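Positions 28 to 430 (this note's numbering) are the ones given, in order, by the sequence shown.
Where a beta carbon is used, it is the ideal one built from N, C-alpha and C, also for glycine.
For clarity, every value in this text was computed on a predicted model and none was experimentally measured.
Structure first, then comments.
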Amino acid sequence: MTQTLTARRLITPEATLNFPVLTITDGLITHIASDPTLSHEEDTLTAAFLDIHTHGAMGHDVMTASPSDLHQLQLFLAQHGVAHYLPTTVTASIDATLRALEALANLIESGFHENEATPIGIHLEGPFLSHAKPGVHSPALLQPPSIALFDRFQSAARGHIKLLTLAPEPGALPSTAAFGGQGGVSSKARPFSSDTALDLIRHATSLGTKISLGHSNATAAETLAAIAAGAASATHTFNAMRPLDHREPGILGTVLDQQTLFAELICDGIHVAPPLVRLWLKAKGLTHAILVTDSMSATGMPDGPYTLAGAAVTVANGSVFVTADPITLAGSILTMDQAVANLQAFTQAPLADAVRLASHNPAAMLGLPHLTQLIPNSPANLNRFNAQNQLITTYLNGQPIPA
């Protein structure tokens, strides 16, 4: 089947084409031309989005969702402009994590489903995080860096873990002795490992898994060592990170300063105040800033009580917070189209720049730039924006997604 899409402009990673005419055959872009007679057109076509950090939506958590639940989640993501995504785990028991990874591997290997975003790998967030900055992740279930445990996770995922968030500092966990006693966790629950975070970074990177630094109280020196070991990105910049200090930049200052490091940001205006969104964008530039949602199961659902990582959380007025600790945010209810809109509002960035942060940059970080290319023989995964830069249609393999 052959069809044609037209618009006022087509924004690609390389350039902007005015009055484009895209010929699409069997889901692939087969020809791109320009026709100035289309001067009446007002819409803009861009690459569809890639969300590398989402825990769920529509009442479904990727850790526990059934296959049918996951398909509903993927339809929701596609309706908000997402063509590809990384289902993202949270720290859980080892057995629960293994079960989730196996289920997500099954989903990935099931291939493309019509009208649904496609999972291209798994983002393992935890359990190798810092006790000082756990966020919603259960401190009792955190683990010290362990190559053996990572390999066990990767085996369950059948090689599909593409991104790993970890804390880079030594001593990210208290010693096992600290977990004994009343209310603690037996050291037997924490297999002994002499591996350091740097060992794990080097090992996972050698296997093709990208490393993102997060949930960390690392110093600047510890962060620089992790980058030298192969870390590629930073997880939800500003959040669950050692605060910036003028004498000790820490992980945050280093993430902002190191130009080669990619850096995620949750652009909902709640996790990060707009002035700091602007600072982040200035620091990381248009090539290394990445928009993510960090969405949880309550995304697309009404306010009320939910759970995330086994913790009771509350959604109210756009925020998700731990019910027992309202100061601690717990994921978001952000969608990627709203993140793109917010970035434009907060920074006055043009649509082309905002879309780059939600598509081309995460693809580049993962080493998969072809995912968001818009050239002949590439899949016709596109978003259509109206003259007000509002997302109005998403096309996956050339087919519009039903609202």
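Can the beta-carbon of residue i be found less than 8 Å from the beta-carbon of residue j?
| i | j | result |
| --- | --- | --- |
| Ala-127 | Thr-116 | yes |
| Phe-155 | Pro-172 | yes |
| Val-163 | Gly-296 | no |
| Ala-144 | His-111 | yes |
| Met-363 | Phe-289 | no |
| Lys-160 | Lys-237 | no |
| Ala-442 | Gly-108 | In the structure as shown, the chain begins at 28 and stops at 430. Residue 442 is therefore absent and cannot be evaluated. |
| Ala-123 | Ile-149 | no |
| Arg-36 | Leu-44 | yes |
| His-263 | Ala-199 | no |
| Phe-348 | Leu-356 | yes |
| Pro-276 | Ala-247 | yes |
| Thr-350 | Pro-332 | yes |
| Arg-274 | Ala-256 | no |
So the candidates are the options; which of them puts its Cα closest to the Cα of residue i?
| i | options | result |
| --- | --- | --- |
| Lys-311 | Gly-280, Pro-270, Ser-95 and Ala-42 | Gly-280 |
| Ile-174 | Gly-138, Lys-160, Leu-193 and Gly-162 | Leu-193 |
| Lys-309 | Pro-329, Ala-34, Gln-375 and Ala-132 | Gln-375 |
| Ser-95 | His-140, Glu-68, Thr-118 and Leu-191 | His-140 |
| Ser-137 | His-187, Phe-177 and Gln-170 | His-187 |
| Arg-179 | Ser-221, Ala-199, Ala-231 and Pro-197 | Ala-231 |
| Ser-93 | Gly-54, Leu-134 and Ala-105 | Leu-134 |
| Gly-337 | Ala-255, Leu-72 and Ala-119 | Ala-119 |
| Gln-181 | Ser-221, Gly-235 and Leu-169 | Gly-235 |
| Leu-72 | Val-89, Thr-33 and Leu-100 | Thr-33 |
| His-242 | Glu-291, Leu-409, His-397 and Pro-114 | Glu-291 |
| Leu-251 | Leu-65, Ser-220, Gln-285 and Asp-272 | Gln-285 |
| Ser-221 | Phe-265, Leu-176, Leu-240 and Ser-233 | Leu-176 |
The alpha helix (DSSP H) that contains residue i, what's its start and end?
| i | result |
| --- | --- |
| Arg-179 | 174-183 |
| Ser-233 | 224-233 |
| Val-382 | 378-385 |
| Asn-369 | 363-374 |
| Asp-53 | Careful: Asp-53 lies outside any alpha helix (DSSP H) and carries neither H nor E. |
| Ile-121 | 121-136 |
| Thr-91 | Looking at the DSSP string, Thr-91 is not in any alpha helix (DSSP H), and its letter there is neither H nor E. |
| Ile-278 | 277-284 |
| Leu-251 | 247-256 |
For my contact list, residue i and residue j are in at a C-beta cut-off of 8 Å; report their separation, rounded to the angstrom.
| i | j | result |
| --- | --- | --- |
| Ala-253 | Pro-195 | 3 Å |
| Val-282 | Ala-261 | 4 Å |
| Ile-56 | Ala-407 | 5 Å |
| Pro-40 | Thr-399 | 7 Å |
| Ala-25 | Asp-330 | Because the chain is modelled from 28 through 430, residue 25 falls outside the range shown and cannot be assessed. |
| Thr-81 | Thr-314 | Not a contact, Cβ separation roughly 23 Å. |
| Gln-371 | Asn-416 | 6 Å |
| Ile-317 | Ile-79 | 7 Å |
| Ile-293 | Ala-245 | Actually they are not in contact, since the Cβ atoms of Ile-293 and Ala-245 sit about 20 Å apart, beyond 8 Å. |
| Ala-430 | Leu-77 | With 8 Å as the limit, Ala-430 and Leu-77 do not qualify as a contact, their Cβ atoms being about 21 Å apart. |
Which residues mark the beginning and the end of the beta strand (DSSP E) in which residue i is found?
| i | result |
| --- | --- |
| Ile-293 | 290-293 |
| Asp-352 | 352-356 |
| Lys-311 | Run containing Lys-311: none in the beta strand (DSSP E); it sits in the alpha helix (DSSP H), 301-315. |
| Asp-78 | 76-81 |
| Thr-192 | 188-193 |
| Ala-339 | 338-343 |
| Ala-110 | 109-114 |
| Ser-221 | Counting along the chain, Ser-221 falls outside any beta strand (DSSP E), and DSSP gives it neither H nor E. |
| Lys-237 | 237-240 |
| Val-349 | 346-349 |
| Glu-152 | 149-152 |
| Arg-35 | Unbroken run through Arg-35: none, as it is neither H nor E. |
| Thr-43 | 43-45 |
| Phe-412 | 409-412 |
| Thr-334 | 331-335 |
| Leu-418 | 418-423 |
Using a Cβ-Cβ cut-off of 8 Å (strictly less than) and excluding sequence neighbours within five positions of residue i, which residues of its own chain qualify?
| i | result |
| --- | --- |
| Gly-210 | Reliability of the predicted coordinates at Gly-210 is poor, the pLDDT of 36 falling under 50, and the value obtained from them is presented with this limitation in mind. Here the set comprises nothing. |
| Thr-31 | Val-48, Leu-49, Thr-50 and Ile-51 |
| Thr-91 | Ala-127 |
| Thr-223 | Pro-172 and Pro-197 |
| Ile-402 | Thr-39, Ile-56 and Ile-59 |
| His-2 | Nothing in the structure corresponds to residue 2, since the chain is present only between 28 and 430. |
Under 6 Å Cβ to Cβ from residue i, same chain only, skipping five residues before and after it: list those, please.
| i | result |
| --- | --- |
| Met-328 | Gly-86 |
| Pro-63 | Phe-46 |
| Ala-204 | Interpretation of Ala-204 is limited by its pLDDT of 35, a score under 50 that renders its predicted location unreliable; the figure taken from the coordinates is listed afterwards. Cβ within range, chain order: n/a, list empty. |
| Thr-29 | Thr-52 |
| Thr-326 | Ala-84 and Ile-360 |
| Leu-191 | Leu-151, Ala-231, Thr-236 and Ile-238 |
| Ala-42 | none |
Which residues in the same chain as residue i place their Cβ atom closer than 7 Å to its Cβ, once the five residues preceding and following it in sequence are excluded?
| i | result |
| --- | --- |
| Ala-60 | Val-48 |
| Asn-413 | Glu-69, Asp-70 and Ile-419 |
| Ala-105 | Asn-142, Glu-143, Ala-144, Thr-421, Leu-423 and Ile-428 |
| Ala-381 | Val-367, Leu-370 and Gln-371 |
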